[in-house]
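Notes follow the structure.
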Amino acid sequence: MSTKSISDLVSGAGCMDDYDPNSMPVAQARKYIRDYLSPGVTKECVPLRNSLGRVLAEDVLSPCNVPNHDNSAMDGYAFNADDIQASGSTSLKVTGIAYAGKAFEGKLGGGECVRIMTGAVMPLGADTVVVQERVNVEDGVISFTEVPKRGLNMRYAGEDLQQDQVVLAAGHLMCPVDLGLIASLGLGEINVYRKLRVAFFSTGDELISIGQALGAGQVYDSNRYTLYGMLTRLNVEVIDMGIVRDDPALLEQALIKASECADVILTSGGVSVGEADYMKMLLEKLGQVVFWKIAMKPGRPLAYGKVGNAHYFGLPGNPVSVMVTFYQFVREALLVLMGQPTPAAMPLLSAICTEDIKKFTGRTEFQRGILFVDSDGVWKVRPTGAQGSGILRSMSEANCFIVLDETVGNIASGATVQVQVLEGIV
Ligand code: AMP
Ligand code: MG
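Per our numbering, the very first residue in the sequence shown carries number 446; after that it's consecutive.
Here's what the structure looks like:
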């Protein structure tokens, strides 16, 4: 994939005229990250069920036609369309029964039909099915007046999947329907990329873990829990390294340990102004990392690069900022590193904003919103209230981000805004 090296980015290489680490637009940061990512996880063969949420390492080809034979789509009577009377009623003699899994062995003669169930193989000589509700049956003879088109109510061999066709391409993220699709080919094992290993820790002298009594000035570490949740939904292998004090020796140890066991390292805290110089020194020593001030709110500081062979994201410490930067930058990067070459962008939908929003141009805001449908069936969105980056409740109440990009200024109630729905994005 990428042939660019992180060192170009760190040095802000000459060709990047618009490169300003102190005011990095969201879209540009996303693009830089994409350009410098180098996926490299190995393949493994897993039982079909275990492939859910994994990325295909090879194309899956169909070893057979699905369905494998022409069969009936309905319960009815199979016959040859040549036997239909051009006008008036058609009468056909019932000569046998075909069930799903138990075919009619004979061949249809002229003026004959076979009672047939849904999924049963079409008898030799038959090419059309009339549904049972449309016929009269008397003394083993059916009659109907409607003229069904040749081929009606039957499914053709290979109409779902044809032998040797690419059913799913390498790079595809496996979802529930894919398990069924591959099962329909009779395949029990599948080649996927191995799970990405993501190590993370929280930094901060003020942090304590759940289960301990809260002392003066202390804060429970919530970031490791939101990160655990978001990472688990992405189906990566999660390596929780706990809390690391703001101590250079301890941080160095933790970063080295993480780079030895993980493909990706995430840290939260310690990259904002003041603290950054300190982390900067350490990351310069251990790897190659850029420190950006992203033109966004929340989530301004972001560090990105490599520590040893591991990809590194230094997320801000504020609980909402962690989630926003994860969804806006880390999620897509992880999908690429998992083996998906071009992950689908998160959809942006339009909704009518029910309140005024104060907003400066020049930066992207990800306000937390509640998307709802009003009694007239119109989709609307209401901000959750206080939007501070430390107010995790705002994320919990929200079901979407209201995405206000750099060009957007103040929003008046009733204006159309873009929203990103949270449920289902990981
Ligand atoms: P920092 O980015 O380290 O300056 O942290 C910014 C704010 O986020 C501070 O108020 C921290 O106490 C808070 N914070 C940092 N890490 C965490 C965490 N893991 N859980 C909860 N709050 C945190
Ligand atoms: Mg801190």
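Where is the CB? At the ideal position from N, CA and C, for every residue including glycine. Predicted, not measured: the structure shown is a model, and the values here were computed from it.
Under the DSSP assignment, isoleucine 797 falls in the beta strand (DSSP E) whose first and last residues are 794-798.
Annotation for cysteine 845: the continuous beta strand (DSSP E) segment containing it runs 845-849. Runs of the beta strand (DSSP E) lying entirely within the segment 636-661 and spanning at least 3 residues, in chain order: 642-648. Taking non-hydrogen atoms of the ligand MG into account, the C-beta of aspartate 801 is found less than 7 Å away from none of them.
Taking non-hydrogen atoms of the ligand MG into account, the C-beta of glycine 744 is found less than 7 Å away from none of them. In the DSSP assignment, glutamine 773 is bridged to no other residue.
Nearest C-alpha to proline 466 among Phe811, Val735 and Gln865: Val735. Contact residues of the ligand MG (beta-carbon closer than 6 Å to any heavy atom; chain order) are Thr648, Gly649, Gly714, Gly715, Glu720 and Gly762. As summarised for the segment 716-788, the continuous alpha helix (DSSP H) elements at least 4 residues long and confined to that stretch are 721-731, 764-770 and 776-782, given in chain order. Counting along the chain, proline 693 sits inside the alpha helix (DSSP H) bounded by residues 693-706. The residue from Glu489, Phe589, Leu506 and Asn516 with its alpha-carbon nearest to that of lysine 538 is Phe589. Per the Cβ contact rule, the segment 637-649 is in contact with the segment 669-679 (3 or more Cβ pairs under 8 Å). In the pairwise beta carbon analysis, the segment 550-563 is classified as not touching the segment 601-612: fewer than three pairs are separated by under 8 Å. Under the three-state reduction of DSSP output, glutamate 578 falls in the helix class. For leucine 626, the uninterrupted alpha helix (DSSP H) segment begins and ends at 621-628. Between the segment 647-665 and the segment 616-630 there are fewer than three C-beta pairs closer than 8 Å, too few to call the two in contact. At least one heavy atom of the ligand AMP falls within 7 Å of the beta-carbon of asparagine 668. Comparing alpha-carbon positions, the option among Val826, Ala778 and Phe805 lying closest to leucine 794 turns out to be Val826.
The DSSP-derived three-state label of isoleucine 478 is helix. Excluding its 5 nearest sequence neighbours in each direction, valine 566 has C-beta neighbours in its own chain below 6 Å: His514, Asn516 and Ala548, listed in chain order. Counting every other CB atom within 10 Å of its CB across the protein chains shown gives tyrosine 601 a total below 16, marking it as exposed. In the DSSP assignment, the residues bridged to methionine 469 are Ile739.
Here the segment 566-581 does not lie against the segment 473-482, with fewer than 3 beta-carbon pairs under 8 Å apart.
Sorting Leu482, Pro743 and Gly750 by C-alpha distance to the C-alpha of threonine 770 places Pro743 at the top. In this structure, the alpha-carbon of valine 689 lies about 11 Å from that of glycine 715. Distances from the alpha-carbon of valine 505 to those of Leu700, His617, Tyr477 and Met469 put His617 closest.
Taking the Cβ atoms as the reference, isoleucine 684 lies roughly 14 Å from valine 752, outside the contact range of under 8 Å. At least one heavy atom of the ligand AMP is found less than 7 Å from the C-beta of glutamate 651. Of the candidates Asn510, Asp462 and Val586, Asn510 places its Cα closest to the Cα of aspartate 605.
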